[in-house]
Amino acid sequence: MEKLYRNNRLDKEELLVDETIFSIANGYLGTRGTFIEGYGKVFEYNQTYLNGFYNYYDYFYEENFSGFPQEGQKFVNLIDGQSMMFSILGKPLNINTCEVLSLERVYDLKKGLTIRTIHYKTIDNYEFILTEEKIVSRKFNELIAIRVNIKSLNFDGDIKVNTFIKESFKKDTSKIDPRIHNESINNYDYVEISKEKRSIIVKTSRSNLYLNTSISHDLDFKYEVNGNSLVGDLTVSINPDNDLNITKYIVHTSSLYSKNYNDLNTDIVNKLSNMSFSQLLIYQEKYYSDFWDISYVRIEGNETYERLLNYNIFQLNNSGGESSLHNISAKGLSGEGYEGHYFWDTEIYMIPYFTLTNPKKAKNLLMYRYKTMDKAKKEAFNLGYSKGIKFPWRTINGDETSPYYPAGSAQFHINSDVAYAIIKYYEATNDIKFLVDYGFEMLIETARFLKEAVNYDGEFYHLNGVTGPDEYTTVVDDNYYTNQLLKYHFENLVWIYEHNLSNLSEVLIKLKCTKEEMDEILNISKNIYLPFSKELNIYAQDSSFLKKKKLDLKNIPEDKYPLLLNYHPLYLYKHQVLKQADTMLSMTLLDFDDLEILKDSFDYYEPITTHDSSLSKCIYSILAYKLKNYDLACDYFKKVLETDFLDTHKNTKHGLHVANLGGSYLGFIYGVVGLRVRANYLKINPIVVSDITGYELNVMYHGQKVTIMVDDKLSVSSTGKVSLMIYGELIEINGTYQTALQL
Numbered sequence: 010m011e012k013l014y015r016n017n018r019l020d021k022e023e024l025l026v027d028e029t030i031f032s033i034a035n036g037y038l039g040t041r042g043t044f045i046e047g048y049g050k051v052f053e054y055n056q057t058y059l060n061g062f063y064n065y066y067d068y069f070y071e072e073n074f075s076g077f078p079q080e081g082q083k084f085v086n087l088i089d090g091q092s093m094m095f096s097i098l099g100k101p102l103n104i105n106t107c108e109v110l111s112l113e114r115v116y117d118l119k120k121g122l123t124i125r126t127i128h129y130k131t132i133d134n135y136e137f138i139l140t141e142e143k144i145v146s147r148k149f150n151e152l153i154a155i156r157v158n159i160k161s162l163n164f165d166g167d168i169k170v171n172t173f174i175k176e177s178f179k180k181d182t183s184k185i186d187p188r189i190h191n192e193s194i195n196n197y198d199y200v201e202i203s204k205e206k207r208s209i210i211v212k213t214s215r216s217n218l219y220l221n222t223s224i225s226h227d228l229d230f231k232y233e234v235n236g237n238s239l240v241g242d243l244t245v246s247i248n249p250d251n252d253l254n255i256t257k258y259i260v261h262t263s264s265l266y267s268k269n270y271n272d273l274n275t276d277i278v279n280k281l282s283n284m285s286f287s288q289l290l291i292y293q294e295k296y297y298s299d300f301w302d303i304s305y306v307r308i309e310g311n312e313t314y315e316r317l318l319n320y321n322i323f324q325l326n327n328s329g330g331e332s333s334l335h336n337i338s339a340k341g342l343s344g345e346g347y348e349g350h351y352f353w354d355t356e357i358y359m360i361p362y363f364t365l366t367n368p369k370k371a372k373n374l375l376m377y378r379y380k381t382m383d384k385a386k387k388e389a390f391n392l393g394y395s396k397g398i399k400f401p402w403r404t405i406n407g408d409e410t411s412p413y414y415p416a417g418s419a420q421f422h423i424n425s426d427v428a429y430a431i432i433k434y435y436e437a438t439n440d441i442k443f444l445v446d447y448g449f450e451m452l453i454e455t456a457r458f459l460k461e462a463v464n465y466d467g468e469f470y471h472l473n474g475v476t477g478p479d480e481y482t483t484v485v486d487d488n489y490y491t492n493q494l495l496k497y498h499f500e501n502l503v504w505i506y507e508h509n510l511s512n513l514s515e516v517l518i519k520l521k522c523t524k525e526e527m528d529e530i531l532n533i534s535k536n537i538y539l540p541f542s543k544e545l546n547i548y549a550q551d552s553s554f555l556k557k558k559k560l561d562l563k564n565i566p567e568d569k570y571p572l573l574l575n576y577h578p579l580y581l582y583k584h585q586v587l588k589q590a591d592t593m594l595s596m597t598l599l600d601f602d603d604l605e606i607l608k609d610s611f612d613y614y615e616p617i618t619t620h621d622s623s624l625s626k627c628i629y630s631i632l633a634y635k636l637k638n639y640d641l642a643c644d645y646f647k648k649v650l651e652t653d654f655l656d657t658h659k660n661t662k663h664g665l666h667v668a669n670l671g672g673s674y675l676g677f678i679y680g681v682v683g684l685r686v687r688a689n690y691l692k693i694n695p696i697v698v699s700d701i702t703g704y705e706l707n708v709m710y711h712g713q714k715v716t717i718m719v720d721d722k723l724s725v726s727s728t729g730k731v732s733l734m735i736y737g738e739l740i741e742i743n744g745t746y747q748t749a750l751q752l
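Its first residue numbered 10, the sequence shown is counted upward by one per residue in our numbering.
Right, dumping it as structure tokens:
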């Protein structure tokens, strides 16, 4: 698998979806797969994003209560430096003015390069083939580079070329959808427009972040300022023997990442004057060669699985983790769905991939949480608690920005989600320095909030008025997922404390952490209430869930999904219906081992789960593999892989479902490989199924590269000494180990 192809998709919805599919990013900077020449249509909207670059806007409540967020945060579309116009006889080349004879699109995953070739026929019957190659640079984080070739098949004359820097305004509107923010606000104050520097400097109107966008080319343009835009003009000759070749460089630097952002922009532009597009590709190939060396997953028996899984891994890797100043948004850098907010999705669905392939990035993502602890402390106080911290359900800068608390701020599980990611990172890396310097503080402060939030009834501890992962059931008592993750969080916190007293001695003094406090935390973990139905032999989603009426999903028309867009929230809250895996998510994360209860729980919750959230099917796939329901598992896994390529949720145009990208990786390594991270060993229980007859992948564990290969047998090799539990047998390897498959 080296390239992905997608051809002749030209209607509006196809173009918008493919803008997402062909989006390209480097973790800092990302841009969608638009056409450099534009569409010539009303929905044209170039979108480029800098991770963590945002602005504020006002929330409006008819009934504004104490503690509600008063401002929203939103990723800001950067100044558009990509647009160009190519005119023949006064008419621009685009899909609106020309007949399109063919359109071919390629994603070269070995180079992080998109290639688009379009065959235009003008109204005057002149034919041109335009090829656009685009990268978001791995040499310069701030750079987008585009190389354009226009070949004339039967025209001999002048082609007028215009190049632009301008603000890009959204002209398309969507129906009411709480996942999309459609309010038009003035995001920028203009600071400088310079035709000499070929740049525009702006400041966000409320968050006070500065952005310098500059352009340069390998051909000379004459520039003029036109309002708040900069326009370059050039006329060249073109004929069947003389193509137009031009490379455009767009550099975005910001005060978010550098105090000297203007000097940085100038420095990059100067370096680019001695560097070609082909030279930049060398850096791309080197980066992605190293990336694929650890991340590539080879699958025998199903080429589609292999292609889509590796595409998902590629896009997940490029969505963030390059700096502790940012996280990964729900849509990565591929679109503006969910306003660019960071959720708990990162810790549960994304960080596991990085922990196992690029621990440095996993650490960066966890450090983002550490650096926002002061704001999490304020949020805990805002919610009425005097101790600990409460991480936000949705945010960009660390402040809680959820205006709908029942499905937002009430999700107290976010604290234990972050703790889970920290614990798993530590188990996989044995990074004691991170644990001492940062991790333990987050573990104890998140626990202190939850410790104050629980109440004791003389027999059990309860956590009331919270919302679990399932957003179709809100503000309930004793959500199983929340309580079970709290139990895991607290137990591991105490274990880490007891086994690292000497390493943590200074930290314990700083945090005023005592044995008495740890004893209290341990007592809560032992006595937290976990609702269980003896009659059904299942763990209840919460204390009241099983008392509700089941919603008959079989009689709901397909066009009524997702339910959140078609039913009042209260109607959903009164029924047994799930947006996504909840109890089953806990059983997946914690590797629940009572197979009888697991099967009964799976059989109960699976029919009432809508999977309206893209975070859901991967979990049911993993559990179905564990329960050896392989047909169902493979069906779910296939649907997870296809989510964005087939636009199964009908909103891929708003951006990739990045948690689902991570979920596809989890579906494979947890479900098919049966891999689980433990503090002292790596557990694997590999299987093969009808459509996956063999595979090979790599993971990092305790600093060693571990390669797992399955064909007619299981082979595991490592670069150093590693402890493994294979099919329940604990062994130590330092080299290669082979054994028979146990199916």
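Idealized CB from N, CA, C, for every residue including glycine. Since we're looking at a predicted model, the values are computed, not measured.
The continuous beta strand (DSSP E) containing arginine 114 extends over residues 108 to 117.
If you compare the alpha carbons of Phe554, Leu98 and Asp440 with that of aspartate 133, the shortest gap goes to Leu98. For asparagine 237, the CB contacts under 8 Å within the same chain, skipping 5 residues up- and downstream, are Lys175, Glu176, Tyr199, Ile202 and Ile209 in chain order. Alanine 154 and serine 418 have their C-alpha atoms spaced approximately 41 Å apart.
Counting along the chain, histidine 658 sits inside no alpha helix (DSSP H), nor does DSSP assign it H or E at all. Here the alpha carbons of lysine 588 and valine 649 stand approximately 15 Å from one another. With at least 16 other beta carbons inside 10 angstroms of its own, lysine 626 counts as buried. Around the C-beta of tryptophan 301, 16 or more other C-beta atoms lie within 10 Å, and the residue is accordingly described as buried.
Taking a 10 Å sphere around the C-beta of lysine 257, we find 16 or more other C-beta atoms and assign the residue as buried. Counting the other CB atoms within 10 Å of its CB gives aspartate 440 a total of 16 or more, which places it among the buried residues. Secondary structure of leucine 539 (DSSP, three-state): coil. One thing to note: asparagine 464 has its Cβ no nearer than 8 Å to the Cβ of threonine 476. In terms of Cβ geometry, valine 85 and phenylalanine 52 do not form a close pair [threshold 8 Å]. A direct Cα-Cα distance of roughly 15 Å separates aspartate 89 from tyrosine 48. Taking one beta carbon from each stretch, the stretch 101 to 118 and the stretch 365 to 372 have fewer than 3 pairs nearer than 8 Å; the two do not touch. Judged by DSSP in its simplified three-state form, threonine 404 adopts strand. DSSP lists Lys559 as the bridge partner or partners of glutamine 585.
Distances from the CA of lysine 340 to each of Leu139, Thr29 and Asp20 were compared; the closest alpha carbon is that of Thr29. Fully enclosed beta strand (DSSP E) runs of no fewer than 3 residues occupy 197 to 203, 208 to 213, 219 to 226, 231 to 235 and 238 to 247 of the stretch 194 to 259, in order along the chain. Within the DSSP secondary-structure output, glutamate 529 pairs in no beta bridge. In this structure, the beta-carbon distance from tryptophan 353 to aspartate 426 falls below 8 Å. Taking all protein chains shown into account, phenylalanine 363 has 16 or more neighbouring C-beta atoms within 10 Å of its C-beta and is therefore buried. Ranked by Cα distance from asparagine 689, the first of Lys583, Thr438, Gly729 and Val516 is Thr438. Under DSSP, tyrosine 377 takes part in no beta bridge, so it has no partner. Straight-line spacing of the CA atoms in serine 214 and asparagine 311 works out to 50 Å. With a contact defined as Cβ atoms closer than 8 Å, isoleucine 337 and glycine 330 qualify at about 7 Å. Counting only residues of its own chain and dropping the five nearest sequence neighbours on each side, methionine 382 has a CB closer than 6 Å to the CB of Ile398. Ranked by Cα distance from lysine 433, the options Met709, Asp227 and Asp551 are led by Met709.
If you check the CB distance, isoleucine 693 and leucine 706 do not come in under 8 Å. Assigned with DSSP and collapsed to three states, phenylalanine 554 falls in helix. Per DSSP, reduced to three states, the secondary structure at glutamate 72 is coil, with no helix or strand assignment.
When the alpha-carbon of leucine 632 is set against those of Asp602, Lys659 and Phe654, the nearest one is in Asp602. Fewer than three beta-carbon pairs drawn from the stretch 666 to 679 and the stretch 480 to 499 are found closer than 8 Å, and the two stretches are therefore not classed as touching. Residue pairing by DSSP places phenylalanine 95 opposite Val170 in a beta bridge.
When the five nearest sequence neighbours on each side are left out, the beta carbons in the same chain lying within less than 8 Å of the beta carbon of lysine 583 are those of Lys557 and Lys558, in order along the chain.
Counting the other Cβ atoms within 10 Å of the Cβ of alanine 549 gives 16 or more, which makes it buried.
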